[in-house]
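A.B. asks:
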Amino acid sequence: MKKDNYSCDYCQEEFIPTRKGVQRFCKSNCRKKYSYHKNKDTIKPKSKEELSQKLEELQHKKNKVEEMSWHGVGNGLGANLAMEGIKAAVNAFKPEENKPATKRDLQSISFDIHRIIKLINKRYFQIQNLERNAQGAIPNFDMASRKIIYFDEKIDDKIAARTI
Numbered sequence: 091m092k093k094d095n096y097s098c099d100y101c102q103e104e105f106i107p108t109r110k111g112v113q114r115f116c117k118s119n120c121r122k123k124y125s126y127h128k129n130k131d132t133i134k135p136k137s138k139e140e141l142s143q144k145l146e147e148l149q150h151k152k153n154k155v156e157e158m159s160w161h162g163v164g165n166g167l168g169a170n171l172a173m174e175g176i177k178a179a180v181n182a183f184k185p186e187e188n189k190p191a192t193k194r195d196l197q198s199i200s201f202d203i204h205r206i207i208k209l210i211n212k213r214y215f216q217i218q219n220l221e222r223n224a225q226g227a228i229p230n231f232d233m234a235s236r237k238i239i240y241f242d243e244k245i246d247d248k249i250a251a252r253t254i
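Quick note: the sequence shown uses this note's numbering, first residue 91, plus one each step.
(1) Near leucine 220, what residues of its chain come up, given a Cβ to Cβ distance below 7 Å and the 5 sequence neighbours on each side ignored?
(2) Measuring straight from C-alpha to C-alpha, what distance separates glutamate 243 and tyrosine 214?
(3) What residue range does the beta strand (DSSP E) around isoleucine 237 cover?
(4) From the DSSP output, in three-state form, read off serine 97 for me.
(5) According to the neighbour-count rule (16 or more other Cβ atoms, all chains shown, within 10 Å of its Cβ), is tyrosine 126 buried or exposed?
(6) How far does the beta strand (DSSP E) with glutamine 216 in it extend, from its first residue to its last?
(7) Apart from the five residues on each side of it in sequence, which residues of its chain come closer than 6 Å, Cβ to Cβ, to glutamine 113?
Below you can see the structure in the form of structure tokens.
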């Protein structure tokens, strides 16, 4: 097998290529330097006269203001209606548990939580499955003393909350 030596395009050193026919440089450093020197001369700074002339042209040039057309308004309105229709159709077939919570849902949950907290903070609970005593008093459970107490009348929620 014949091995040809190539010469580097940047430093002119001879080297054995790893990719025959494609490789032009002996090292990646030579490739980078060659590219830098090749591109350095192509980018020339513009003179002050050219820059000032372009600046004057830009200052005198007026900005074009686009006018509103009825066709554009119609297209925008049609697209908006189409998107709203698609959203409504998607929401109509979405199950209730996957829909986002609304303000009314949050208010009802808040109301339920407050009602549960009121029940927890109550001192006396009427016992439903225990009969009245001989005097006709209603049995209640006292949460503080953990005993059954009989009251002649049904306890008001406000009184029960105040006795804590």
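Just so you know, even glycine gets a beta-carbon here, dropped at the ideal spot from N, CA and C.
C.D. replies: According to the structure shown:
(1) Taking the sequence shown and counting its residues from 1, one reaches residue 220 at position 130. In the same chain as leucine 220, and ignoring 5 residues on each side of it, the C-beta atoms closer than 7 Å to its own belong to Pro229, in chain order.
(2) Translated into the one-based positions of the sequence shown, residue 243 becomes position 153. Translated into the one-based positions of the sequence shown, residue 214 becomes position 124. For the pair glutamate 243 and tyrosine 214, the Cα-to-Cα distance works out to about 13 Å.
(3) Start at 1 with the first residue of the sequence shown, and residue 237 comes out as number 147. Before going on, a small fix: residue 237 reads as lysine here, not isoleucine. Its beta strand (DSSP E) spans residues 237-241.
(4) The residue you call residue 97 lines up with position 7 of the sequence shown. Residue state, collapsed to three classes: strand.
(5) The residue given as residue 126 occupies position 36 in the sequence shown. Tyrosine 126 comes out exposed.
(6) Counting from one through the sequence shown, the residue named residue 216 turns up at place 126. Unbroken beta strand (DSSP E) run through glutamine 216: 214-216.
(7) As a position in the sequence shown, residue 113 is number 23, starting the count at 1. Around glutamine 113: Pro107.
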